[in-house]
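Peer 1:
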Amino acid sequence: MRKIPLVAALVFMAGGLFAATPSSKPNIIFILADDLGIGSVSCYGADHFQTPNIDRLADSGIRFEHCYSSPLCGPSRALLMTGRYAFRTGMTSNQTGERLSPANEIMMPTVLKSAGYVTAQVGKWNQLPLQPGDWGFDEYLRFKGSGLYWNTQPKAKTYTLNGKEIPLRDGEYLPDRMHEFVVDFIARHQDQPFYLYYSMSHIHASILPTPDSSPANKRLKHGAIPLYQDNVAYMDKLVGKLMADLDRLKLREKTILIFSSDNGTAPQYPEFCTIGGKRLSGCKATMLEGGALVPMCISWPGTTPAGKVATNLISFCDFFPTLAELAGAKLPAGVTIDGKPFTPMFYGQTSGDWLRDWIFVLLGHNWYDRELNWKLNQSGELMDMKKAPFAEPLVSADTKDADALAARQRLQTVLDQLNPAAGKVDPKTLKKNGNKKKGKKQSVQEIENASQNANAPNE
6 MRKIPLVAAL VFMAGGLFAA TPSSKPNIIF ILADDLGIGS VSCYGADHFQ
56 TPNIDRLADS GIRFEHCYSS PLCGPSRALL MTGRYAFRTG MTSNQTGERL
106 SPANEIMMPT VLKSAGYVTA QVGKWNQLPL QPGDWGFDEY LRFKGSGLYW
156 NTQPKAKTYT LNGKEIPLRD GEYLPDRMHE FVVDFIARHQ DQPFYLYYSM
206 SHIHASILPT PDSSPANKRL KHGAIPLYQD NVAYMDKLVG KLMADLDRLK
256 LREKTILIFS SDNGTAPQYP EFCTIGGKRL SGCKATMLEG GALVPMCISW
306 PGTTPAGKVA TNLISFCDFF PTLAELAGAK LPAGVTIDGK PFTPMFYGQT
356 SGDWLRDWIF VLLGHNWYDR ELNWKLNQSG ELMDMKKAPF AEPLVSADTK
406 DADALAARQR LQTVLDQLNP AAGKVDPKTL KKNGNKKKGK KQSVQEIENA
456 SQNANAPNE
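One gets my numbering by counting positions in the sequence shown from 1 and adding 5 to each.
1. For Phe5, name the three-state secondary structure that DSSP assigns.
2. Write down the C-beta distance between Gly79 and Leu135 rounded to the nearest angstrom, noting that I regard them as a contact closer than 8 Å.
3. Using 8 Å as the threshold, is the region 38–55 in touch with the region 326–339, meaning 3 or more CB pairs across them?
4. Rounded to whole angstroms, how far is the Cβ of Tyr233 from the Cβ of Tyr274, which I believe are closer than 8 Å?
5. Please determine whether the Cβ atom of Leu85 lies at a distance below 7 Å from any heavy atom of the ligand GTP.
6. In the structure shown, what three-state DSSP assignment does Met388 receive?
7. Going straight from the alpha carbon of Tyr484 to that of Trp130, what length do you get?
8. What are the residues that DSSP puts in a beta bridge with Asp189?
9. Between the Cα of Asp421 and the Cα atoms of Asp374, Lys392, Pro180, which residue gives the shortest distance?
10. Do the region 183–200 and the region 28–35 touch if we need at least three Cβ pairs shorter than 8 Å?
11. So does the region 307–320 actually touch the region 57–71, counting three or more Cβ pairs closer than 8 Å?
12. If we count the other Cβ atoms within 10 Å of its Cβ and call it buried at 16 or more, is Ala120 buried or exposed?
13. DSSP beta-bridge partners for Glu144?
14. Going by DSSP, which residues form a beta bridge with Val170?
15. Return the CA-CA distance between Lys118 and Leu225, expressed in angstroms with no decimal places.
16. When you compare the CB positions of Asp241 and Ile191, do they come within less than 8 Å of one another, or not?
17. For Lys259, which residues of its own chain have a beta-carbon under 8 Å away from its beta-carbon, when the five flanking residues on both sides are left out?
18. List, from N- to C-terminal side, the beta strand (DSSP E) runs of 3 residues or more that fit wholly inside the region 57–137.
19. Check each candidate in Ser45, Asn382, Ala393, Leu387 and name the one with the smallest Cα separation from His207.
20. Which residue's Cα is closest to the Cα of Ile321: Ala407, Ala402, Asp235, Met301?
21. Should the region 104–118 be called in touch with the region 82–95, which here means at least 3 C-beta pairs below 8 Å?
22. Do you know offhand how far Ser106's Cα is from Asp406's?
23. Decide if the region 324–333 is in contact with the region 274–292; the criterion is three or more beta carbon pairs, one per stretch, under 8 Å apart.
24. Run through the DSSP bridge pairs and tell me what Val314 is partnered with.
25. Tell me, to the nearest whole angstrom, how far the beta carbon of Ala91 is from that of Leu367; I am working on the premise that it is less than 8 Å.
26. Mapping DSSP to helix, strand and coil, what is Met240?
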């Protein structure tokens with residue numbers, strides 16, 4: 006069995022309440038890709054993509070097969086930052102961010118700052134309200150939308166750096182500017198524990214040429230499959246550059262790296278994002294498996310065991326208490342935290358009562374509770390998940406199968422206890438994700454609009 010470092014063990018055994026010295030606290034970098042489903046990551050078996058740097062990150066730690074976000078970016082980010090289900094915070098869709106305020110919610114950076122961390126945010130923030138600095142980030146660079154890369158895009162003329170509007174120069178690639186900010190922040194704070202929330206632009210539409218795109222690909226129509234592959238490749242390149250920078254600064258073994266995505270593949274690409282020739286069930290903005298199932302890996306060289314694949318369930322809300330525990334920070338008093346810390350996994354443990362039996366996913370006024378083999382939604386429909394993520398057949402309501410009946414009872418008990426309908430959910434009929442007619446191809450903008458409006462209340 007791998008030995009746990011003494012200070013880390015004390016932090017773990019004390020449930021995160023041990024006051025570790027600043028030099029013993031791990032740095033934490035959370036890299037969040039945008040619209041990256043598992044079908045675009047080669048270590049998950051993607052047929053048409055190569056992501057060698059993400060694969061190397063996974064090989065240096067643990068790759069998770071069952072990590073669940075929300076099916077849409079705004080609710081996922083609120084779930085990640087607060088550790089609380091959407092029916093508590095009210096962030097049930099991309100349009101309900103105004104329900105969150107520092108007066109009623111506490112986000113991750115505030116908790117980590119109390120444990121001596123310096124904090125920074127870089128990248129996407131637009132669905133969440135106010136500025137990152139209002140939520141506890143010491144420094145930030147944010148842009149004004151999703152899928153922004155070049156100043157030829159209307160919303161990418163400027164970005165916000167610590168409250169100031171800065172022009173994005175002609176020919177300057179916003180993801181590269183974000184990487185510069187990341188490296189500068191790390192270099193300036195390498196002698197103190199830091200938390201960096203790195204919310205990437207890739208690979209949200211618009212899918213535009215990257216600096217590495219070939220001349221032929223640069224002539225392709227925006228959103229074309231080769232350009233999509235270019236964007237995945239450039240995102241992977243940035244992950245590799247970050248790992249190299251940490252090695253150069255001799256910080257790699259002092260730093261926890263987490264890589265994940267806010268939701269599954271965008272609606273226009275699932276047929277290409279196959280695994281073993283098979284398309285996943287569902288995509289972004291749907292309540293099927295491909296909506297909320299996301300890639301995730303953790304790496305902390307010298308501490309986290311390398312080359313492991315985890316099959317236990319992880320929810321995005323679990324990161325809040327987990328990172329607090331790793332940092333030796335206290336959770337906010339009097340606040341219901343829905344996350345369950347999986348801290349022992351960072352030290353090589355694979356069993357214990359900290360393992361989840363189920364996860365809960367909500368979007369708009371739809372939700373489900375999922376075990377490894379079964380899923381039950383708000384309408385009482387039970388799905389057999391043994392062939393997920395490729396199929397999730399509906400179980401007949403009059404089934405006599407004993408396993409299915411027992412699963413229904415277990416899952417319904419959880420939903421009854423959570424009682425999401427009594428919380429802050431969208432009360433009106435929700436818009437469907439697009440109105441694509443058979444044989445008619447939607448434009449990228451139409452699909453973007455459909456994704457942004459999916460599960461938003463009709464006005």
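The beta-carbon is built from N, C-alpha and C at its ideal position, and this holds for glycine as well.
Peer 2: A quick look at the data gives this:
1. The chain is shown only over 6 to 464; residue 5 falls outside these bounds and no answer can be derived.
2. About 14 Å separates the two Cβ atoms, so there is no contact after all.
3. no
4. 6 Å
5. The model on display carries no ligand, and the ligand GTP is accordingly not part of it.
6. strand
7. Outside the shown range of the chain (6 to 464) lies residue 484, about which nothing can therefore be said.
8. In DSSP, Asp189 forms no bridge with anything.
9. Asp374
10. yes
11. yes
12. buried
13. Ala125
14. First, the residue type needs correcting, since residue 170 is Glu and not Val in the sequence shown. Answer by DSSP bridge pairing, in chain order: Thr165.
15. 46 Å
16. no
17. Pro31, Asn32
18. 67–73, 123–129
19. Ser45
20. Reading the sequence as shown, one finds Phe at residue 321 and not Ile. The candidate whose alpha carbon is nearest that of Phe321 is Met301.
21. yes
22. 47 Å
23. no
24. Arg68
25. 5 Å
26. helix
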